[in-house]
């Protein structure tokens, strides 16, 4: 009894000491970090926000650091700056400059840089709200707008081929599960449909190509050893399986889920902050979807799966690959298609605003980042 | 004296915990597309059910329940995927067949698929639980009606049960799983 008692006491003391040490280490580090910031500020005459803007080129590199800095600040104004309404950003910037005692005459572009960062940060948050709203809206057969969207998808993917009936086996030709697509959107709701429609409308050639590939899975050489394991019936079945490929629309809805997860988890910040010079909007999300489905298709072919039953394995591997790519702050999931070739028509939703902001800006880095003239 | 008794007691408990691993049970979850298989699977694993997408291929989850480790295989129900179901028949301990009780138009189709499954040699004698799902819907048929429509009373070669449930609200799911755990070893040879 004595032995176990002492050993129990001993372990609990060790545990408490370790915990105390961790608390102490944590507060020590924070204290050290604040002191360091204070000293650097005194030495360089610049606050942390300034230093970030000066040392990092525009894009994810800069915006993500600004976001962290604002979130971790002990000042309420800076903390809440990441969640303000876009219209109040200009006033917030003025307040921050006053708070930090920064004169705009000496640092003319700082306000503009900060404003661009805040627009992106706030825009990303608003985009999450918008996407979530779209996702929660279930597909409703009684809603004429929803029905029109669905028929639009058919028209783009099956040009010139009329749909014989609203409820028809024909829907399986574009990769829905049964004769009525309405039950296939499920947890992705209208977001799934709008992503598919965007892909089919703006990247029609690619969508048609992928749809056609998904019908005719490429021929696979079956090894002799594998062949000897089949009897005739199995061989017939395997041959039949080879032609299955995957279901285009269903895979599209699954990839929407993947894009949605990337957005919600914040992993997509790198990409969004690199491609959207101002606030990222729905269109950016849809373009990301187009990129992802295109890349997934390539990945699927490279992975050379035996059959559709490997879908989730391949999908998870693809998800990990994209997550890894997005850890690189310079990463942009570059759209490859015509819809984004002309940035003036696709990336800028409000040309007048874009023009007015850009005309006041001083170019800092333009070589690697032609769109982000901040 | 006291300390030796205590430590021996503790040791025996530890030994017991170690020496009786949960019995692994292989459960196959089948049914037409949109029957609610994946929702049911996620409900069993106490996961979020608001982001479900149609299953391409299959999902698998392990759930601990009443001293069993239930390995639940949820295979897509799309017509194109149904030929693959047979690849998962081997060593199945319990078959769970899910029906969308509100989808009257496809009762015949789902009955046909079930009849085919029950004829499969590899599934002979395997206990079958039929979930009459989506009872939360106003238009859902009661389980008794479905049982009659599918002629379930003619099943003689295995133990079976029909359970009304709603995978969305979780109602009835636990009752069904209790039946599964009771009948895990009831496979007729």
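Protein chains in written order, with the UniProt record's numbering: chain E, 1 to 374; chain W, 1 to 189. Don't be surprised by glycine CBs; every beta carbon is placed ideally from N, CA and C. Predicted model only: the values in this text are computed from it and were never measured.
- Residue 140 of chain W carries a coil assignment under DSSP once its states are collapsed to helix, strand and coil.
- Of all residues in the segment 248-266 of chain E, only 250, 251, 253, 254, 257 come within less than 7 angstroms of chain W when Cβ atoms are compared, listed by chain position.
- Beta-carbon to beta-carbon, residue 29 of chain W and residue 41 of chain W are separated by about 6 angstroms, close enough to satisfy the 8 angstroms threshold.
- If the five residues before and after residue 119 of chain E are omitted, its C-beta is found closer than 7 angstroms to the C-beta atoms of 86, 89, 278, 279, all from its own chain and listed in chain order.
- Contacts between residue 57 of chain W and chain E, judged by CB atoms closer than 7 angstroms, involve 308, 309, 310, 311, 312 in chain order.
- DSSP places residue 151 of chain W in the coil class of the three-state scheme, outside both helix and strand.
- For residue 125 of chain E, the uninterrupted alpha helix (DSSP H) run begins and ends at 108-136, by DSSP.
- Interface with chain E (9 angstroms Cβ-Cβ cutoff): residue 34 of chain W is included.
- Our two residues, residue 136 of chain W and residue 22 of chain E, have alpha carbons roughly 50 angstroms apart in a direct line.
- DSSP lists W:30, W:130 as the beta-bridge partner residues of residue 97 of chain W.
- Judged by DSSP secondary structure, residue 282 of chain E falls within the alpha helix (DSSP H) whose first and last residues are 282-303.
- Look at the segment 177-189 of chain E: the residues with a C-beta under 7 angstroms from a C-beta of chain W are 177, 178, 183, 184, 186, 187, 188.
- No Cβ-Cβ contact shorter than 9 angstroms links residue 250 of chain E with residue 307 of chain E.
- Partner residues in the beta bridge of residue 160 of chain W, as assigned by DSSP, are W:128.
- Between residue 95 of chain E and residue 192 of chain E, the C-beta gap is not smaller than 9 angstroms, which leaves the two residues out of contact.
- With fewer than 16 other Cβ atoms inside 10 Å of its own Cβ, residue 68 of chain E counts as exposed.
- With the rule of 3 Cβ pairs closer than 8 angstroms, the segment 61-74 of chain W does not count as touching the segment 308-319 of chain E.
- Assigned with DSSP and collapsed to three states, residue 40 of chain E falls in helix.
- Under a 10 Å Cβ-count criterion, residue 38 of chain E is classified as exposed, with fewer than 16 other Cβ atoms of the shown protein chains found around its own Cβ.
- Counting only Cβ-Cβ distances below 9 angstroms, residue 53 of chain W has contacts in chain E at 184, 185, 186, 187, 188, 192, 250, 253, 254, 256, 257, in chain order.
- Between residue 130 of chain E and residue 207 of chain E, the alpha-carbon positions lie close to 25 angstroms from each other.
- Under the 10 Å beta carbon count, residue 209 of chain E is surrounded by fewer than 16 other beta carbons and is classified as exposed.
- When the alpha-carbon of residue 68 of chain W is set against those of W:26, W:74, W:75, W:84, the nearest one is in W:26.
- Contacts between residue 78 of chain W and chain E, judged by CB atoms closer than 8 angstroms, involve 177, 178, 247, 250 in chain order.
- Per DSSP, the unbroken alpha helix (DSSP H) holding residue 95 of chain E starts and ends at 89-99.
- Put simply, of E:245, E:281, E:261 the residue whose alpha carbon is nearest the alpha carbon of residue 297 of chain E is E:245.
- Note on geometry: alpha-carbon atoms of residue 51 of chain W and residue 187 of chain W lie some 35 angstroms from one another.
- The criterion of a C-beta distance shorter than 9 angstroms is not satisfied by residue 270 of chain E and residue 205 of chain E.
- Bounds of the beta strand (DSSP E) holding residue 60 of chain W are 58-65.
- The continuous beta strand (DSSP E) containing residue 75 of chain W extends over residues 68-75.
- The secondary-structure analysis by DSSP pairs residue 23 of chain W across a beta bridge with W:68.
- Against chain W, the CB of residue 44 of chain E has no partner CB under 9 angstroms away; the residue lies outside that interface.
- Identification of chain E residues near residue 84 of chain W by a Cβ-Cβ cut-off of 9 angstroms yields 241, 307, 308, 309, ordered along the chain.
- The beta carbon of residue 288 of chain E sits no closer than 9 angstroms to any beta carbon of chain W.
- Between the segment 167-181 of chain W and the segment 103-123 of chain W there are fewer than three inter-stretch CB-CB distances shorter than 8 angstroms, so the stretches are not counted as touching.
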